[in-house]
Amino acid sequence: MDKKDKKSIPAHVGIIMDGNRRWAKERNLPTIEGHAKGYDKMKLVGDWFFSKGVSILSVYAFSTENWNRSRTEVNYLMKLMKKALKDDFEEFNEREYRILISGRIEELPGDLPEICQEAINKTEKNTKGILNICINYGGRAELIDAFKKIVSKQVSADQIHEGMIRKYLYQSELPDPDIIVRTSGEERTSGFQLWQSTYSEFLFLKKYWPDFEKSDAEIIINEYSNRKRRFGGN
2 MDKKDKKSIP
12 AHVGIIMDGN
22 RRWAKERNLP
32 TIEGHAKGYD
42 KMKLVGDWFF
52 SKGVSILSVY
62 AFSTENWNRS
72 RTEVNYLMKL
82 MKKALKDDFE
92 EFNEREYRIL
102 ISGRIEELPG
112 DLPEICQEAI
122 NKTEKNTKGI
132 LNICINYGGR
142 AELIDAFKKI
152 VSKQVSADQI
162 HEGMIRKYLY
172 QSELPDPDII
182 VRTSGEERTS
192 GFQLWQSTYS
202 EFLFLKKYWP
212 DFEKSDAEII
222 INEYSNRKRR
232 FGGN
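In the numbering used here, each residue's number is its place in the sequence shown (first place is 1) plus 1.
What follows is the structure, encoded as structure tokens:
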């Protein structure tokens, strides 16, 4: 393949998995059916991107604002997360995914904080791809937590710079997302990767998350490859 024709593959893709509830509503199904279908897609999406050369996939699973939903819905989402990280853990592990969890994990109910940490620890040597699951995550919350850590370290004002702040983010070792995708037709980021998305490309897809297919992963990579990133240059 000629160099000029070589496809540019994003190293890090972020996905705001939106539209589960509307998908269910349009089919006269309970909300939880939409979330169950969305979870089924989350189990598949890693392979769809990793097989194309993407190294990191960050998915927005539950935001700090999602606690405002009904207790029934929140409880079901917590059960889905527990299912993913405990009951279905070996499925992810056998695929050689390295699992990271970003967010205020310690605030999750029951034994979910311990389950999250266990999934992180048990997959730390896996090399197929990094699946960064954002749970109880908010971009502003991440920055607040980072600033609190900086203050607790008694860092002086002249020591604070971009690299210092990055060091205290949830996953400081990960590169910024090259492209962030939101499904469902909504065109906002809802605080996802607030610090990291400064120069990310954005793509908004009309379809709901439960309708996401392998071909959509290819569309995203092709779209990214066709864009020219300038990072503030010409």
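Every residue gets a Cβ at the ideal spot worked out from N, C-alpha and C, and that includes glycine.
Helix, strand or coil: how does DSSP classify residue i here?
i	result
GLY186	coil
ARG28	coil
ASP3	Caution is warranted here: a pLDDT of 46 is assigned to ASP3, below 50, making its placement in the model unreliable, and the coordinate value is therefore given only provisionally. Coil, per DSSP.
VAL55	coil
SER103	strand
ASN76	helix
TYR40	helix
GLY15	strand
TYR98	strand
GLY130	strand
SER153	helix
PRO114	helix
Would you check if the distance between the CB atom of residue i and the CB atom of residue j is smaller than 8 Å?
i	j	result
GLY54	ILE100	no
GLY104	LEU58	no
VAL60	MET18	yes
GLU13	LEU81	Per the sequence shown, the amino acid found at residue 13 is His instead of Glu. For HIS13 and LEU81, no; Cβs fall outside 8 Å.
ARG96	GLY39	no
TRP165	VAL156	Residue 165 is actually Met in this sequence, not Trp. In contact: MET165 and VAL156 (Cβ atoms closer than 8 Å).
PHE203	ILE181	yes
TYR209	ARG230	no
What does DSSP give as the partner residue(s) for residue i in the beta ladder?
i	result
ARG167	The partner list for ARG167 (beta bridge, DSSP) is empty, contrary to what the question assumes.
VAL46	Note: VAL46 sits in no beta bridge, so no partner.
CYS135	TYR61 and SER103
PHE203	ILE181
Take residue i as the anchor and find which of the options has the nearest alpha-carbon.
i	options	result
SER185	GLY192, GLY15 and GLY20	GLY20
CYS135	ILE106, LYS42, ARG183 and HIS36	ILE106
LYS207	GLY139, PHE148 and ARG23	ARG23
ILE33	PRO211, SER226, ILE220 and ARG230	PRO211
LYS215	SER56, LEU45 and GLU174	LEU45
LYS123	LEU86, ASP159 and GLU188	LEU86
ASN133	TYR98, TYR169 and LYS8	TYR98
From the beta carbon of residue i, is the nearest beta carbon of chain D less than 8 Å away?
i	result
GLN160	In the structure shown, chain D does not exist; there is a single protein chain.
Heavy atom of the ligand HEM less than 7 Å from the Cβ of residue i, yes or no?
i	result
TYR61	The ligand HEM is not part of the structure shown, which contains no ligands of any sort.
State whether the segment 139-149 contacts the segment 179-195, with contact taken as three or more CB pairs (one from each stretch) at a distance under 8 Å.
yes
Given 8 Å, three or more beta-carbon pairs between the segment 111-127 and the segment 88-95:
Output reads yes: the segment 88-95 touches the segment 111-127.
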